[in-house]
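S.K.: Mind having a look at this structure? Questions to follow.
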């Protein structure tokens, strides 16, 4: 332990733009680099925790994007001055979001600070983010994020220990202790993947998965291609798939070295931004399976042979219908299922058949946590490429891929055949999402106000819309609200829903995950019991046209085409 270090109080003034979104505060890097900007927000997180903070332990880590190291140094100095007892930090600051959740739960600590802007691009010109995860390992609920925001509007000072040397502290594994004004302050730098890998080995049968990937005398190797998109999952993919499961480092994995700018790509695992993976599977038919992950490792995209695309809504439903393939669920049983409101209702049909509870919650993983803690939820997902289970309290991209491979191994079927079997049994919820990114905020708000006024008109319900020879009649229209069945907390204004009498839906939301401007998202869904093999974009085109007509999107934004279609 070094000599006694003194803490100081630094005067500051509030910033007016520190309201957390769906999952933390996300801004351009240069915003966070402003004097006192990061310091203010970190101090407000700690202040929001109240008396529980003193003597506590927190986990710190992130996806390694640009500005992570300066932010971690700031957190160390501010935490030490605010009477935090210990920080557990991933080596080099690297921890996937699922790994942070797992560590919080395993170590039974107060919570964690996650440095990520998730699927948003990185580098000095792009995005950075800070979010807080609570003691169950999940994202902070609205009550805490609202408290943090209120504190950011009136902060006048922060506490820090400026003489605490942090420059190389996160580089080397091990524990260091400091004397901060007579208190022992500990910083433990841990292997980023060790505990997470151990958790996955307790959930899945690695012996069977290795036999699947490597092949056996009776079964040829199942060829996979996993794209970490230069994000944090590269560390975990190497350890799990290459070292544990015997995948080839040259032929089965790609872009596994985390880069602070993600190699100047957009680390979002969808058909637009993971186009390299899609093209690789189309070009080489020897690949049986492909998957991509986002920057911080909580999202996933699943592809079959020849880049056969599995929508996240279908992925959730298939997993729900086949959980008996996974040892974790054989041991612990299966409780309910849940999806975010915009996610297609395919999993609802599985829940009905299996006699399980089904929950529809607002967008944001934090809404699943109470249900899991109460023992009423085992599997959940969002259409935004997030899937997870009650093993942690975050979505988990690597877990989803291991779950899919477990099903493939158990059923001895390829991805496309598994989907076709599922649709034959349940019918198909055709689904697509149109994203219009970085719209002018005022125009986006005007569009939403137009929709609010439209659905408030008593004559809207019962109105019919026609396109492409199809007609849809409005059965219900509202702005989705949610009452948590566990603590009765209420979340209002979660998205405009237009529900048609045949089960089709249009959903309109402003995304809370961007760092600038506004992202308008339109979700389009229709259900077909028999016609399950038509191209999704063809099937959904009439409803897409109606959705654009109702919203008058071009009038408000001037946009002719979406930025991303998934």
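Numbering (my numbering), first residue to last: 1 to 566.
By construction, the Cβ of each residue, glycine as well, lies at the ideal position given by its N, Cα and C atoms.
Give every residue of the same chain whose Cβ lies closer than 6 Å to the Cβ of residue 486, excluding the five residues on either side of it in the sequence, and list them in chain order.
M.R.: Start at 1 with the first residue of the chain shown, and residue 486 comes out as number 486. Excluding positions up to five away in sequence, the list reads 370 and 374.
S.K.: Leaving out the 5 sequence neighbours to the left and right, which residues in its chain are closer than 6 Å to residue 180 when beta-carbon positions are compared?
M.R.: In the chain shown, counting from the first residue as 1, residue 180 sits at position 180. Result list for residue 180: 5, 80 and 161, in chain order.
S.K.: May I ask you to report which of helix, strand or coil DSSP gives residue 531?
M.R.: In the chain shown, residue 531 corresponds to position 531, counting from 1. In this structure, residue 531 counts as coil in the three-state DSSP scheme.
S.K.: Which two residues bound the contiguous alpha helix (DSSP H) that contains residue 108?
M.R.: Position 108 of the chain shown, counted from the start, is the residue given in the question as residue 108. Taken as a continuous stretch (DSSP letters only), residue 108 belongs to no alpha helix (DSSP H), as it is neither H nor E.
S.K.: Please confirm whether residue 232 and residue 64 have their CB atoms less than 8 Å apart.
M.R.: Position 232 of the chain shown, counted from the start, is the residue given in the question as residue 232. Position 64 of the chain shown, counted from the start, is the residue given in the question as residue 64. Yes, they are a contact pair.
S.K.: Out of curiosity, what's the CA-to-CA distance linking residue 551 and residue 69?
M.R.: Taking the chain shown and counting its residues from 1, one reaches residue 551 at position 551. Taking the chain shown and counting its residues from 1, one reaches residue 69 at position 69. Rounded to whole angstroms, residue 551 to residue 69 spans 43 Å at the Cα level.
S.K.: Assuming residue 91 is part of the beta strand (DSSP E), what are its boundary residues?
M.R.: The residue you call residue 91 lines up with position 91 of the chain shown. Taken as a continuous stretch (DSSP letters only), the beta strand (DSSP E) holding residue 91 covers 86-94.
S.K.: Output yes or no for whether 8 Å exceeds the beta carbon distance between residue 290 and residue 236.
M.R.: Translated into the one-based positions of the chain shown, residue 290 becomes position 290. Translated into the one-based positions of the chain shown, residue 236 becomes position 236. No. Outside cutoff.
S.K.: With a cut-off of 8 Å on the beta carbons, I'd call residue 430 and residue 562 a contact; round off their distance for me.
M.R.: Looking up residue 430 in the chain shown gives position 430. Looking up residue 562 in the chain shown gives position 562. Actually they are not in contact, since the Cβ atoms of residue 430 and residue 562 sit about 17 Å apart, beyond 8 Å.
S.K.: In its own chain, which residues sit with a C-beta less than 8 Å from the C-beta of residue 549, not counting the 5 before and 5 after it?
M.R.: As a first step, residue 549 is located in the chain shown; it is residue number 549 there, counting from the start. Cβ neighbours of residue 549 beyond the five flanking positions: 465 and 467.
S.K.: Indicate whether residue 502 and residue 482 have their beta-carbon atoms separated by less than 8 Å.
M.R.: Locating residue 502 in the chain shown gives position 502, counting from the first residue. Locating residue 482 in the chain shown gives position 482, counting from the first residue. Going by C-beta atoms, residue 502 is not nearer than 8 Å to residue 482.
S.K.: List the residues that DSSP assigns as beta-bridge partners of residue 479.
M.R.: Here residue 479 refers to the residue found at position 479 when the chain shown is read from its first residue. Answer is 496.
S.K.: Alpha carbon to alpha carbon, what distance is there between residue 398 and residue 126?
M.R.: The residue you call residue 126 lines up with position 126 of the chain shown. The residue you call residue 398 lines up with position 398 of the chain shown. Cα to Cα, the separation comes out at about 25 Å.
S.K.: Is the beta carbon of residue 433 less than 8 Å from the beta carbon of residue 383?
M.R.: Stepping through the chain shown from its first residue, residue 433 is reached at position 433. Stepping through the chain shown from its first residue, residue 383 is reached at position 383. Closer than 8 Å, so yes.
S.K.: Quick one: any contact between the stretch 71-90 and the stretch 45-56, if contact means 3 or more CB pairs under 8 Å?
M.R.: Result yes; three or more Cβ-Cβ pairs closer than 8 Å.
S.K.: CB-CB under 7 Å to residue 242, same chain, minus the five flanking residues each way: which ones, in chain order?
M.R.: Start at 1 with the first residue of the chain shown, and residue 242 comes out as number 242. Hits under 7 Å: 249 and 253.
S.K.: Should the stretch 23-32 be regarded as contacting the stretch 209-220, the criterion being three or more beta carbon pairs within less than 8 Å?
M.R.: With the cut-off at 8 Å, the stretch 23-32 and the stretch 209-220 do not touch.
S.K.: Of the residues 349, 314 and 504, which one's Cα is nearest the Cα of residue 542?
M.R.: Here residue 542 refers to the residue found at position 542 when the chain shown is read from its first residue. Looking at the Cα atoms, 504 is the closest of the given residues.
S.K.: Hey, could you find the ends of the beta strand (DSSP E) residue 289 is sitting in?
M.R.: On the chain shown, position 289 is the one that residue 289 refers to. Counting along the chain, the beta strand (DSSP E) containing residue 289 begins and ends at 289-293.
S.K.: How would you write the range of the alpha helix (DSSP H) that residue 327 sits in, first residue to last?
M.R.: Within the chain shown, residue 327 is the residue found at index 327, counting from 1. Start and end: 327-332.
S.K.: Name the two residues that bound the continuous beta strand (DSSP E) containing residue 435.
M.R.: Sequence index remark: in the chain shown, residue 435 carries index 435 (1-based). Note, residue 435: beta strand (DSSP E), 428-439.
S.K.: Select from 15, 61, 108 and 117 the residue whose C-alpha is nearest the C-alpha of residue 299.
M.R.: Working through the chain shown from its first residue, we reach residue 299 at position 299. Closest option to residue 299, Cα to Cα, is 117.
S.K.: Are there three or more Cβ pairs, one per stretch, closer than 8 Å when the stretch 523-534 is compared with the stretch 452-461?
M.R.: These segments do not touch.
S.K.: Check this for me: beta carbons of residue 103 and residue 59, under 8 Å apart or not?
M.R.: Stepping through the chain shown from its first residue, residue 103 is reached at position 103. Stepping through the chain shown from its first residue, residue 59 is reached at position 59. Cβ atoms of residue 103 and residue 59: closer than 8 Å.
S.K.: Identify, in the order they occur along the chain, each residue of the same chain with its Cβ nearer than 7 Å to the Cβ of residue 547, setting aside the five sequence neighbours on each side.
M.R.: Numbered from its first residue, the chain shown carries residue 547 at position 547. Excluding residues within five positions, the ones whose Cβ falls inside 7 Å are 506, 522 and 524.
S.K.: Could you tell me the boundaries of the alpha helix (DSSP H) in which residue 308 lies?
M.R.: Looking up residue 308 in the chain shown gives position 308. Per DSSP, residue 308 belongs to no alpha helix (DSSP H) and is neither H nor E.
S.K.: If contacts are defined as beta-carbon pairs under 8 Å, then residue 292 and residue 227 qualify, I think. What distance do you get, rounded to the angstrom?
M.R.: One-based indexing of the chain shown puts residue 292 at position 292. One-based indexing of the chain shown puts residue 227 at position 227. Their Cβ separation, rounded to whole angstroms, is 4 Å, which keeps residue 292 and residue 227 in contact under 8 Å.
S.K.: DSSP on residue 29, reduced to helix/strand/coil?
M.R.: Mapped onto the chain shown, residue 29 falls at position 29. The answer is helix: DSSP assigns residue 29 an H, G or I state.
S.K.: Once you ignore the five residues that flank residue 159 on each side, which residues in its own chain have a CB closer than 8 Å to its CB?
M.R.: As a first step, residue 159 is located in the chain shown; it is residue number 159 there, counting from the start. Result list for residue 159: 7, 8, 9, 10, 43, 78, 81 and 82, in chain order.
S.K.: Considering only their Cβ atoms, is the gap separating residue 474 from residue 496 smaller than 8 Å?
M.R.: The residue you call residue 496 lines up with position 496 of the chain shown. The residue you call residue 474 lines up with position 474 of the chain shown. For residue 496 and residue 474, no; Cβs fall outside 8 Å.
S.K.: Within this structure, are the beta carbons of residue 110 and residue 405 separated by less than 8 Å?
M.R.: Mapped onto the chain shown, residue 110 falls at position 110. Mapped onto the chain shown, residue 405 falls at position 405. For residue 110 and residue 405, no; Cβs fall outside 8 Å.
S.K.: Looking at the secondary structure, which residues open and close the alpha helix (DSSP H) in which residue 43 lies?
M.R.: By one-based count along the chain shown, residue 43 stands at place 43. Looking at the DSSP string, the run of the alpha helix (DSSP H) that includes residue 43 is 37-48.
S.K.: Considering only C-alpha positions, which residue in the set 206, 89, 267 and 153 is nearest to residue 234?
M.R.: Reading the chain shown from its first residue, position 234 is the one you call residue 234. Of the listed residues, the one whose Cα sits closest to residue 234 is 267.
S.K.: Along the beta strand (DSSP E) that carries residue 178, what are the first and last residues, could you check?
M.R.: On the chain shown, position 178 is the one that residue 178 refers to. That run of the beta strand (DSSP E) goes 174-180.
S.K.: Apart from the five residues just before and just after residue 66, which ones in its own chain have a Cβ nearer than 8 Å to its Cβ?
M.R.: Locating residue 66 in the chain shown gives position 66, counting from the first residue. Cβ within range, chain order: 29, 122, 123, 124, 126, 128, 260 and 261.
S.K.: Just the C-alpha distance for residue 316 and residue 452, rounded to the nearest angstrom, thanks.
M.R.: Within the chain shown, the letter at position 316 stands for residue 316. Within the chain shown, the letter at position 452 stands for residue 452. Cα to Cα, the separation comes out at about 31 Å.
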